[in-house]
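Structure first, commentary second.
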Amino acid sequence: MKLIPACEEDQQLLRRLEAEAGTNVNLCYQCGKCSAGCPAAFAMDYPPRQVIRLLQLGMVKQALKAESIWICASCETCSTRCPRGVDIASLMDTLRREALRQGLITDKKVAAFNQAFLNGVRLFGRTYEAGLLLQHNLKTMQPFKDAQYGLPMMKRGKISILPAKIKNRDQVKKIFDKVQQLGGE
Amino acid sequence: MVAVAQHPNIELVTYAEVVKVSGYIGNFTVTIKKKAKYVDWNLCTGCGTCWEKCPSKKIKDEFELGMGMRTSIHKLFPQAVPGKPIIDAATCTKLTKGKCGICEKVCPTQAIRYDDKDQYVDEEVGAIVMATGYDLFPWEEAYGEYGYGKYPDVITSLHFERLVSSQGPTGGKIQRPSDGKVPDSVAFIKCVGSRDDTKGKSYCSRACCMYTAKHAYQVKDKLPDSEAYVFYMDVRTAGKNYEEFYQRSLNAGAKYIRGRVSKIYPRGDKLVLKTEDTLLGMPMEVEVDMVVLATAMVPAQGAQELAKIIGFSTDKDGFFQEAHPKLQPVETFTAGVYVAGACQGPKDIPDTVAQASAAAVKVCGLFSKDRLATEPMITEVDISKCSGCGFCVPICPYHALSLVEIKDRGHHGPFTRQVVEVNSSLCQGCGACLPACRTTALSLRGFTNEQLVAEVDALCL
Amino acid sequence: MKLAYYPGCSLEGSGIEYGMSTERTADILGIELVELDDWNCCGATSGHNTNKLLSLALPARNLAIAEQMGLPMLAPCAACYNRHRNTEHVIKNDPEMRETIAQLIEMELQGTAETVSILEVLANQVGIEQIASKVTRPLLGMKAVCYYGCLLVRPVEHTGFDDPEDPQTMDRIVRALGAETLDWSHKTECCGASLVTSRPEVGNRMLYQILRNAKEAGAECIVTACPLCGMNLDMRQGQVEKEFNTKFDLPVYYVTELVAWAAGESRQAVGIDRHFVEAGRYLDEVAVRAEKIKAEKEAQAQAKAKAAAQAKKAGDQADEDPEARQKKIDAMVKAFEKNPDKMVKRLIEDEERAAILLEVIREDSKKTARLAELMVDDAEKASKAAEAYVTAELKKRAK
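Protein chains in written order, with the numbering used here: chain A, 2 to 186; chain B, 38 to 498; chain C, 1038 to 1436.
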């Protein structure tokens, strides 16, 4: 692999991402404590430390395409234990959002889940759990996933077929629209 | 140390503290508090009968870091010089309740003195060398991911030193503090509290890489069938033969894994370490029997207070501040006060000895002269302008200013008045007194008001 | 105490037991909960995964409503608590951002609202003594581990009411109810959150670590304060058991369920019957244990009182008549002289040791006198002294 300096565009992107995340990747001295404590690292292609390494070397595109940023559960263990005070969790979030913006969706399932979740909030102001599961299942082509829980949940009053709606859900919809207009930073 | 005690020109005062220092270079007056020992060391021979017979046997020994027990009357540590005991007043039955008195009965030279008191002695000295050493960072308060000190088998390197020492609580046998079993695997974690901007100290403690390599080697040497893991970020072997020493540990079979440990937790009677081998790029879990933490070196307890008493500065981490990081490593900003060893910054034995030798020679150099040449760029008093208000006197951090009486002549004849005098040995030329002087009688040689104005003019006009 | 109440979507859905039991708990403890009018979803993890402004705006709308109410806002759901605290932190410290968000939500935003977690309210504001005083069904004999999860304790800048590595707030609350809380290492390890739904092969393993560790620590149940953790540990326990070929049988309770139950609420009111992992049986078992423990404690207390009374009687007697006492002691000494075997047998059962005692007292009349004295005053002390003499003698002989 030939290491070349990042192009101006990528450098600017990295600076913007650092500013959005509120942290500085150059503080990291690659000790590995983040990867060590990450409960989801076992499933990642690039555990947290390596994602930071990619950014340090200016390989922003690669970091955005990593599956890791979708597997990250936002548990914040990494940021809490980092001896240099690097906010890795915030960076992961920022990378996720940027990947969405650029359409680099390595993990369709997690992206689909988030989309389904927010769709319900946008329409009704509250989470529409039944709708969420339905949309998620269809989009990820697993129509019968978790079907065994449907009836038991309903019997226990934990899920309703119809969504809960708030009175001023138009206010919530407006928030979504405005954010979209602003381009969401 | 024994050589020091026996040298005719050296007076060794132990079990004592410096409580007050006044004066200046060449002329310090030091007040020493000699703590009550309750044993007359002039009579005591160090035979040891008293501590053998002492009935208060279950006191946690501070030198053994709580891993062994001692008696109330005890020698502070095996190699103490002089090798004579003191009584720990807080635990002695005779001193607290008036009962017992066995040591007095058995002492062959009748050296026990229950009525001993603290003594205060004044000494006149020409120079002071600080060598107060270091303590370890209190990791139990900061590192919850390592258990906050709950797990008895997670210890510091200093504990490990006691375990390996033939005079230690286990006679040199490496065993788990919890159950005494010989460990099948020992993990060493470096940089606990060092190089940590968030919970610990930002600096590197310098000696840990080498002593951990030593400890890992000792494990493989004493327990060849056990595993020794060292979890590191770097291996700093900057010293003569240091790299070869580290290689020897590797050759002996110590496994060095590059990665910081994120969490230690117990599973059964073992300890699980969550780490990442950054060289392989894989998160891992390792199960071990014992964990040794190489904790950061911090200044000795009470060092900052001592610096205030003596009157010199400390740095941002509490270590004694050297006058120049490269060119004056053993002097402080206070003339006549020198530093040597870990009190100035984390270091190992060769560097400490070198610094100590340097400090000693600096003192010799100082004493070889009858007169002292001091910095010329110090405060000057124009006594024709000085009103003797004394406003500047308490401002000087080096106590260099004092009011003196002079004889003067006025309209009505001779009279005496007070003016300020600058002690050229103490004044460091800091200039703090200048703004206090209302009559501009004080000026700093080399930086007078006229000189400064001329500088500004040259730049701006 | 009056608090604004933000249930969050889960407490009316998948975490309905949490909502029910929180309301019951508030009632019991005298906390008036005023639900936020027309509150909206906080956006949870999906919000901040997708868009930063959105993730701040959604909670901000609720905070604006709470500001108008002028009350601190209780958000029992850990995620809602965390998202609101995050927004609070931003709008308190970044006036520019506050303006931007205020314009987005088209509401006034001063930055004065404060979100509190259920653990803070229970442990710090209501207080442990107050909770303990409401307990009518103490959970004695319950062996629980308290599972905090991530969002209640991290990041410390936003949460800060407890230690992120070894929090104790929930443990204190559960102990106030009489239960035993075990120390364990996975208090704050992530359960997998929504990954359990979207990427089960990742999430299940994360859940497995927690359940396994709880079991290894000796727990018989898990207590939690987060509805997603609760749902994952409860509803998904079966699928984790299947995937890892093991059995856990660990009922999962919300902390408010236990508080309400211990204060006498019924299973239905609290929501115990809605769990997936059967949770009622364990509570019944605990009730039985609690009765046993109470009975044992009473018996112990009675025995202690009896012994104390006896000792007092003996003491009183001795005080009352020193002459009579001396006569008794003399009689004992005579008995030692006449029948030493019988006397030592009275003090020590073990024949070998009794024999040694015999030899000891033969040689040392002072010891005999001492034993005689003790036998008059305190039989237990006499036996102990006798044993001590024998042990010392054996030691001497060993040397």
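Cβ atoms here follow ideal geometry from the backbone N, Cα and C, with glycine treated the same way.
- Taking Leu134/A as the centre and dropping the five residues before and after it, the same chain places the C-beta of Asp147 closer than 7 Å to its C-beta, in chain order.
- Listed by position along chain B, the residues whose Cβ is nearer than 9 Å to that of Ser161/A form an empty set, because the closest Cβ is around 41 Å away.
- For Ile149/B, there is no enclosing alpha helix (DSSP H), since its DSSP letter is neither H nor E.
- Within chain B, the C-beta atoms nearer than 7 Å to that of Lys34/A come from Arg297 and Ser299, in chain order.
- By the Cβ neighbour-count rule, Pro153/A is exposed, with fewer than 16 other Cβ atoms within 10 Å of its own.
- At a cut-off of 3 residues, the continuous stretches assigned as beta strand (DSSP E) that sit fully inside the stretch 177 to 210 of chain B are 191 to 193.
- When DSSP states are grouped into helix, strand and coil, Glu101/B belongs to the coil group.
- Non-local C-beta neighbours of Ala1300/C in its own chain, meaning closer than 7 Å and more than five positions away in sequence, comprise Ile1065, Lys1171, Val1172 and Thr1173, ordered along the chain.
- Here DSSP, grouped into helix, strand and coil, assigns Glu417/B to strand.
- For Gln116/A, the enclosing alpha helix (DSSP H) has its first and last residue at Lys109 to Phe125.
- Contact of Asp354/B with chain A is not assigned, every C-beta pair being separated by 7 Å or more.
- Across the stretch 1094 to 1113 of chain C, CB contacts with chain A closer than 8 Å involve Ala1094, Leu1095 and Arg1098, in sequence order along the chain.
- For Glu442/B, DSSP records a beta bridge to Gln455/B.
- Per DSSP, Asn1269/C is one residue of the alpha helix (DSSP H) stretching across Pro1264 to Met1272.
- Close partners of Arg304/B in chain C (Cβ separation under 7 Å): Glu1253.
- Note on Ser1402/C: under 16 other CB atoms within 10 angstroms of its CB, so exposed under the neighbour-count rule.
- For the stretch 174 to 196 of chain B, the beta-carbon criterion of a distance under 7 Å to any beta-carbon of chain C is satisfied by Gly181, Glu182 and Tyr185.
- For the stretch 1046 to 1077 of chain C, the set of positions with a beta-carbon nearer than 9 Å to some beta-carbon of chain A reads Cys1046, Ser1047, Glu1049, Gly1050, Ser1051, Gly1052, Ile1053, Glu1054, Asp1074, Asp1075, Trp1076 and Asn1077 in chain order.
- In this structure, the alpha-carbon of Lys57/B lies about 59 Å from that of Gln12/A.
- Gly1255/C has its alpha-carbon roughly 37 Å from the corresponding atom of Asn1086/C.
- Within the same chain, and ignoring the five residues on either side of Thr371/B in sequence, the residues whose Cβ sits closer than 6 Å to its Cβ are Gly348 and Phe349.
- Inter-residue distance for Tyr248/B and Ser394/B is about 23 Å (C-alpha atoms, whole angstroms).
- Those residues of the stretch 328 to 348 of chain B placed with their C-beta closer than 9 Å to a C-beta in chain A do not exist.
- Assigned with DSSP and collapsed to three states, Leu330/B falls in strand.
- Close to chain A, meaning a Cβ-Cβ distance shorter than 9 Å, are the following residues of the stretch 1221 to 1235 of chain C: Thr1225, Glu1226, Cys1227, Cys1228, Gly1229, Ala1230, Ser1231, Leu1232, Thr1234 and Ser1235.
- Taken atom to atom, the span from the alpha-carbon of Tyr1055/C to that of Glu1166/C is near 23 Å.
- Segment contact: the stretch 255 to 265 of chain B against the stretch 360 to 369 of chain B, fewer than three CB-CB distances shorter than 8 Å; contact not assigned.
- Within chain B, Gly181 and Tyr185 have C-beta atoms less than 7 Å from the C-beta of Asp1203/C, given in sequence order.
- C-alpha of Leu316/B to C-alpha of Ala37/A: approximately 13 Å in a straight line.
- The beta-carbon distance between Ala379/B and Met334/B, rounded to whole angstroms, is 6 Å. This is short enough to meet the 8 Å contact definition.
- Interface annotation, Ala74/A: not in contact with chain B, CB-CB separation never under 7 Å.
- Residues of the stretch 107 to 125 of chain A with a C-beta less than 7 Å from any C-beta of chain C: Lys110, Val111, Phe114, Asn115, Phe118, Leu119 and Val122, listed in chain order.
- Cys1227/C is positioned such that its CB atom lies no closer than 7 Å to that of Ala22/A.
- Taking 8 Å as the Cβ-Cβ cut-off, the stretch 148 to 160 of chain A approaches chain C at Tyr150, Pro153, Met154, Arg157, Gly158, Lys159 and Ile160, given in chain order.
- Within chain B, the residues Glu182, Ser299, Lys300 and Lys311 have their CB atoms less than 8 Å from the CB of Gly38/A, given in chain order.
- Counting C-beta pairs with one atom in each stretch, the stretch 27 to 43 of chain A and the stretch 69 to 84 of chain A have three or more that are closer than 8 Å, which means they touch.
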